[in-house]
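Participant:
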């Protein structure tokens, strides 16, 4: 969707014809920037000398100033210096009839963005203004991205602190109550408290391990060493390590393989990937449910489907799924432990491996997570721009 | 813990969506000799209120809704105006809102009888519970 943006322009020139000429040349004209999805037009103010320019600039902020160099009284350079000091974010274009190199150098040295030599055609005017506008838009976009990044990091830290605080408080409270022998001196009466404390501590440990995985994946500092990984081996190991968790809820785990089902990839990443899917499929399942992993491959790619018979998700919930610390919170998930980082880890790994993921889910019926990985993402030199962005 | 000797009797409803807090409050209150009935949703708590009169209630402010605690308070005061209410909240920290139960305006508005922080301190809770139960009798 194209946004129409109105920026503020101040024209400072002692010649009335010049002021009106610039106004005419820019009024009703819009500058198009498809790269920012924006059309920019200018709201124009006029000042006839340096004094009145300073008066205006004491109270108002402009995005762009077209500033005549040779003004009676306070000259253009003084106005430029004032703008640099008071409105460092305002872009200034110097305008002068004496387009000498000396003047140009002096003005740019003092922070003017560009130069416009009198006389100029409307076309030249628009060209220079367009260039300056693009500069303004670029600066804004950069600032917006930096703000966003800072905001995301802040958000991440604040959620992380909160997510670690609640289990910590729970364990601390239990220990305190046990320390006071609140329910008497028999150790057995505290069994539940001890079990809950262990569960919450386990949750914290899992979160910290997930965080380590995530930072390791994001830093990209570590050398990623690929090898041939047999998915059947990975899956067998994963099932084995999840057996206890599955038994608790009486969930059957099964798998089928069609084709060679090998990938040339970083073994640890493939393990983390499958472990995450399977532990989710177990945790968000129903009692006596099942988890089925179907793997099939052709010469180019391998397709892994993880099907559960669990609580499922609404379309809206599926959309939220891959964010950091997003846990689908509702009545059905309330007692399920999770770090909220699992699927952001999964997402990063899939990007690392140039794969793709798809989620299909029906509430109260179950979810299917389908991952497609290239058999050998390294031999294929066709690196897509998307994968480039993911590692950037 | 001098409240330990002073055994109380009565029924307390405790509503919180955190299973650990429910457990812990139960332990503390049972140690005082009280009967504890817990609920982990606003809905279940409303059903409890409709069914029987407790001697005291402890509500978490935020359960499935941001204002579950307020609503439950209101229901209680409508039905049993004399039953004391303790609100437990971590709202100020959780939501980063400049809102805490220390502000007297809020207390008047919510009409709870005592406010406690989510970081439970057993002695403080027991002292409040004893005080409120004794006052309401």
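Chains as they are written, first to last, in my numbering: chain V, 1 to 392; chain F, 1 to 137. Cβ atoms here follow ideal geometry from the backbone N, Cα and C, with glycine treated the same way. Computed from a prediction, not measured in an experiment: that's the story for all the values here.
Determine the DSSP secondary structure at residue 199/V, reduced to helix, strand or coil.
Facilitator: Residue 199/V falls in the helix class under three-state DSSP.
Participant: When you compare each of 55/V, 48/V, 53/V, 24/V to residue 42/V by their alpha carbons, which one comes out closest?
Facilitator: Considering only alpha carbons, the answer is 24/V.
Participant: Report the rounded CA-to-CA distance for residue 97/F versus residue 35/F, giving the unit in angstroms.
Facilitator: With a pLDDT of only 40 at residue 97/F, under the threshold of 50, the placement of this residue in the model should not be trusted; the figure read from the coordinates follows. Computed Cα separation, rounded: 35 Å.
Participant: Determine the direct distance from the alpha carbon of residue 322/V to that of residue 347/V, and round the result to whole angstroms.
Facilitator: Each residue's Cα considered, the two are about 7 Å apart.
Participant: Please decide whether residue 200/V counts as near chain F, where near means a Cβ-Cβ distance under 9 Å.
Facilitator: It does; some Cβ of chain F falls within 9 Å.
Participant: Bridge partners for residue 96/V per DSSP, in chain order?
Facilitator: Per DSSP, 117/V.
Participant: With residue 133/V as the anchor, note down where its alpha helix (DSSP H) starts and where it stops.
Facilitator: Residues 122 to 179.
Participant: Could you have a look at residue 393/V and say whether DSSP puts it in helix, strand or coil?
Facilitator: One cannot answer for residue 393/V here, as it falls past the ends of chain V, which runs 1 to 392.
Participant: State the DSSP-derived secondary structure class of residue 216/V, mapped to helix, strand or coil.
Facilitator: If DSSP states are grouped into helix, strand and coil, residue 216/V belongs with the helices.
Participant: Starting from residue 90/V and walking both ways along the alpha helix (DSSP H), at which residues does that stretch end?
Facilitator: No alpha helix (DSSP H) contains residue 90/V, which DSSP labels as neither H nor E.
Participant: Check this for me: beta carbons of residue 38/F and residue 16/F, under 9 Å apart or not?
Facilitator: Yes, the Cβ-Cβ distance between residue 38/F and residue 16/F is below 9 Å.
Participant: Rounded to the nearest angstrom, how far is the Cβ of residue 279/V from that of residue 242/V, given a contact under 8 Å?
Facilitator: Correct: roughly 6 Å between the Cβ atoms.
Participant: Please check if any C-beta of chain V sits within less than 9 Å of the C-beta of residue 19/F.
Facilitator: Cβ-Cβ to chain V under 9 Å: yes for residue 19/F.
Participant: So residue 13/F is in the beta strand (DSSP E); what residue range does that whole segment cover?
Facilitator: Looking at the DSSP string, the run of the beta strand (DSSP E) that includes residue 13/F is 11 to 15.
Participant: So, with DSSP's three-state summary, where would you put residue 226/V?
Facilitator: It is coil, neither helix nor strand.
Participant: Quickly, what does DSSP pair residue 75/V with across the bridge? List them, please.
Facilitator: Looking at the DSSP assignment, residue 75/V forms no beta bridge with any residue, so it has no partner.
Participant: CA-CA distance, residue 93/F and residue 168/V?
Facilitator: Unreliable positioning characterises residue 93/F in this predicted model, as indicated by a pLDDT of 47, which lies under 50. The coordinate reading is nonetheless provided below. Distance between the alpha carbons of residue 93/F and residue 168/V is about 15 Å.
Participant: Just checking, does the stretch 288 to 296 of chain V make contact with the stretch 347 to 364 of chain V on the three C-beta pairs under 8 Å criterion?
Facilitator: Contact fails: fewer than three Cβ-Cβ distances are below 8 Å.
Participant: Using the beta-carbon of each residue, which ones in chain F are nearer than 8 Å to residue 195/V?
Facilitator: In chain order: nothing, as chain F lies at least about 10 Å away.
Participant: Using a C-beta to C-beta distance shorter than 7 Å, which residues of chain V count as neighbours of residue 54/F?
Facilitator: Here the premise fails: no neighbours, minimum Cβ distance about 21 Å.
Participant: So is residue 174/V in contact with chain F if we call contact Cβ pairs under 9 Å?
Facilitator: It does; some Cβ of chain F falls within 9 Å.
Participant: Taking only beta-carbon atoms, is residue 192/V less than 9 Å away from chain F?
Facilitator: For residue 192/V, the answer is yes, since a Cβ of chain F falls inside 9 Å of its Cβ.
Participant: Touching or not, the stretch 59 to 75 of chain V and the stretch 88 to 97 of chain V, by the rule of three or more beta carbon pairs under 8 Å?
Facilitator: Taking 8 Å as the limit for Cβ pairs, the verdict is that the stretch 88 to 97 of chain V does touch the stretch 59 to 75 of chain V.
Participant: Could you tell me whether the stretch 252 to 261 of chain V touches the stretch 296 to 315 of chain V, where touching means 3 or more Cβ pairs closer than 8 Å?
Facilitator: In short, these stretches touch, since the Cβ pair count reaches three.
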